[in-house]
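S.K.: Before we start, here is the structure in question, set down as structure tokens.
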Amino acid sequence: MVATAPLLAARGVSKSFFGNPVLRDVSIALQPGRVHALLGENGAGKSTLINLLSGALRPDGGAIEVDGRPVSRMTPAYAQQAGIAVVQQELSLTASLSIAENIGLGAYPRRFGLLDYPELAVRARAACDLVGLHEPLSMPVGNLSLGRRQMVEIAKALYRRPRVLILDEPTSSLSATETKVLTQLLERLRGEGIAILYISHRLNEVMALCQHVTVLKDGTCTADRSLEGTDANGLVRLMVGRDPGDLFPQWQASASAANAISVRNFSAGLMRDVDLDVRTGEVLGIGGLVGQGQEDLLLGLYGAIPARTASATVNGASGLPSGVPKANALGLAYVPADRKREGLHLIHSIITNMMLPAFARLPALKRRSRRAERETARGLAAQLGIKGDLDRPAQALSGGNQQKVALAKWMPHHPLALLLNDPT
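Note that the sequence shown covers residues -2 to 421 in my numbering.
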């Protein structure tokens, strides 16, 4: 039996940024009709590998192959011509354009040199039907929920009729129903011979969908194997080198612990008449489908949006914070879901981003200590595993390491309560 050449492969690729190695001698091969999982902790190099496979970046060493043949210069245009489509974790949609216009963007059908709107509508509707998206094609994408926008992004990839589909955390914003639709779609695409690369931290999805797994750790490949005979705990061990029980030991807050936050009949945004107690030393999870008011709860507690309550106590002080500065003074810290727009200043250095809350608290006329800032940032980077030059802009980091910086900036201030909006 003759082995089938992979539709897309990386052979011994390496990549560095600002002298910091991100990938070292990594190989992966995507076979037709198979769903291939790419796993690893934040900062392991997954996003960089995706960018190499799709031509967004060029490798420093090694080669990218399409249909078993090396590509001398992989570019996004070449990747598109070769039938490689990518759904990135960060959406690439334009809010002011319609669903159809976003789906066809960059690949509009033409007739007599002009955009063929009827053909665009037919092809966009076919792509939307595949993902269960039944909203009017003329609707601006900005009017959709985050989950529906994610489905538009997937429809945009399918519109191009790919042979290789790369999905980076595709279900992170989807409801259970939308996730089921996507799962059924991927099974169908696999049956049609499409090669699928699936990146996710949701190991139950990986076990249900994928046949093969490649694991990255600190920029190197630590496993490349069939998923047959592997369970979720085994995947965790491959990713982090430890037993899951060591990562998440059983722990319970003391029953006598004081309340860090206590509210009665709290309302903000979509939230109405909520009673809530969060004890010191306690991790309280807020669940629900996307867009059901979880973010409004956190923003209201943080003083970022108007809120009302019958009674409230925050770290011993009566009443809700009157604004973000007051919330910070009371020991609250907030990490937003959208780190790129709300959590970080991407064009500024990692050090600057880590020190931003400190700048806001600096008394008037007091000079900054650059040396102290650098030492603090180095300590935070070591604690959270952020490697490389801290003078790099934050946009040079992987998504996972950007999230670490968004959290790290609060750590020197020892907040009494952390409000984390979809932190993983």
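By construction, the Cβ of each residue, glycine as well, lies at the ideal position given by its N, Cα and C atoms. All figures in this text were calculated on a predicted structure; none of them were measured in a lab.
Is the beta carbon of residue 299 sitting closer than 8 Å to the one on residue 267?
M.R.: In this structure, residue 267 does not lie closer than 8 Å to residue 299 by Cβ.
S.K.: Starting from residue 35, follow its DSSP beta bridges and name the residues at the other end.
M.R.: BP columns for residue 35 point to 196 and 211.
S.K.: Look at residue 192 and residue 28 and say whether their C-beta atoms are less than 8 Å apart.
M.R.: In this structure, residue 28 lies closer than 8 Å to residue 192 by Cβ.
S.K.: State the CB to CB distance for the pair residue 10 and residue 20, rounded to an integer number of angstroms; the pair is presumed to be in contact (CB under 8 Å).
M.R.: The Cβ separation is near 6 Å, so the contact holds.
S.K.: Determine, using beta-carbon pairs with one atom in the segment 389 to 397 and one in the segment 341 to 352, whether at least three such pairs fall under 8 Å.
M.R.: Yes: the two stretches touch, three or more of their Cβ pairs being nearer than 8 Å.
S.K.: Identify whether residue 109 lies in helix, strand or coil by the three-state DSSP scheme.
M.R.: Coil.
S.K.: Which residues in the same chain as residue 395 place their Cβ atom closer than 6 Å to its Cβ, once the five residues preceding and following it in sequence are excluded?
M.R.: Contacts found: 40 and 44.
S.K.: Mark residue 306 as exposed unless 16 or more other C-beta atoms lie within 10 angstroms of its C-beta, in which case mark it buried.
M.R.: Result: buried.
S.K.: Helix, strand or coil, according to DSSP, for residue 271 in the structure here?
M.R.: Reduced to three states, the DSSP call for residue 271 is strand.
S.K.: Going by C-alpha to C-alpha distance, which of 342, 265, 239 and 276 sits closest to residue 251?
M.R.: Residue 251 has its Cα closest to that of 276, out of 342, 265, 239 and 276.
S.K.: Ends of the alpha helix (DSSP H) at residue 323?
M.R.: Run containing residue 323: 321 to 326, per the alpha helix (DSSP H) assignment.
S.K.: What is the rounded straight-line gap between the Cα of residue 313 and the Cα of residue 402?
M.R.: Each residue's Cα considered, the two are about 29 Å apart.
S.K.: How long is the line joining the alpha carbons of residue 151 and residue 84, rounded to whole angstroms?
M.R.: Approximately 6 Å between the Cα atoms of the pair.
S.K.: Distance, Cα to Cα, residue 143 vs residue 364?
M.R.: When rounded, the distance between both Cα atoms is 42 Å.
S.K.: Starting from residue 356, trace the alpha helix (DSSP H) in both directions and tell me its first and last residue.
M.R.: Looking at the DSSP string, the run of the alpha helix (DSSP H) that includes residue 356 is 347 to 358.
S.K.: Which word fits residue 263, buried or exposed, when buried means at least 16 other C-beta atoms lie within 10 angstroms of its C-beta?
M.R.: Residue 263 comes out buried.
S.K.: Specify the secondary structure class of residue 305 as computed by DSSP and reduced to three states.
M.R.: Three-state DSSP puts residue 305 in a strand.
S.K.: Reducing DSSP to helix, strand and coil, say where residue 297 ends up.
M.R.: Helix, per DSSP.
S.K.: Going by C-alpha distance, which of 315, 75 and 321 is nearest residue 296?
M.R.: For residue 296, the nearest C-alpha among the options comes from 321.
S.K.: Tell me which residue opens and which closes the alpha helix (DSSP H) that residue 146 is part of.
M.R.: Looking at the DSSP string, the run of the alpha helix (DSSP H) that includes residue 146 is 143 to 156.
S.K.: Would you please state the rounded distance, in angstroms, between the beta carbons of residue 164 and residue 194? I believe it to be under 8 Å.
M.R.: Yes, they are in contact, since the Cβ atoms of residue 164 and residue 194 sit about 7 Å apart, within 8 Å.
S.K.: Per DSSP, what are the beta-bridge partners of residue 114 in this structure?
M.R.: BP columns for residue 114 are empty, so no partner.
S.K.: What residues in its chain sit with their C-beta under 6 Å from that of residue 238, if we drop five residues either side in the sequence?
M.R.: Closer than 6 Å at the Cβ level, and outside the excluded window around residue 238, lies no residue.
S.K.: Going by DSSP, name the residue or residues bridged to residue 276.
M.R.: Residue 276 pairs with 256.
S.K.: How many Å lie between residue 161 and residue 66 at the Cα?
M.R.: So the alpha carbons of these two residues sit roughly 15 Å apart.
S.K.: Opposite residue 66 in the DSSP bridges: which residues?
M.R.: Its beta-bridge partners are 63.
S.K.: In terms of residue numbering, what span does the alpha helix (DSSP H) encompassing residue 371 cover?
M.R.: Run containing residue 371: 367 to 381, per the alpha helix (DSSP H) assignment.
S.K.: Could you give the distance in angstroms between the alpha-carbon of residue 367 and the alpha-carbon of residue 169?
M.R.: Approximately 38 Å between the Cα atoms of the pair.
S.K.: Consider the Cβ of residue 2: report whether some Cβ of chain C lies at a distance smaller than 8 Å.
M.R.: Absent here is chain C; the protein component of the structure consists of one chain.
S.K.: Using C-beta distances below 8 Å, list every residue in its chain close to residue 102, excluding the 5 sequence neighbours before and after it, in chain order.
M.R.: Contacts found: 91, 94 and 153.
S.K.: Grab me the residues of residue 343's own chain with a C-beta within less than 7 Å of its C-beta, minus the 5 sequence neighbours each way, in chain order.
M.R.: 337, 390, 391 and 392, listed in sequence order.
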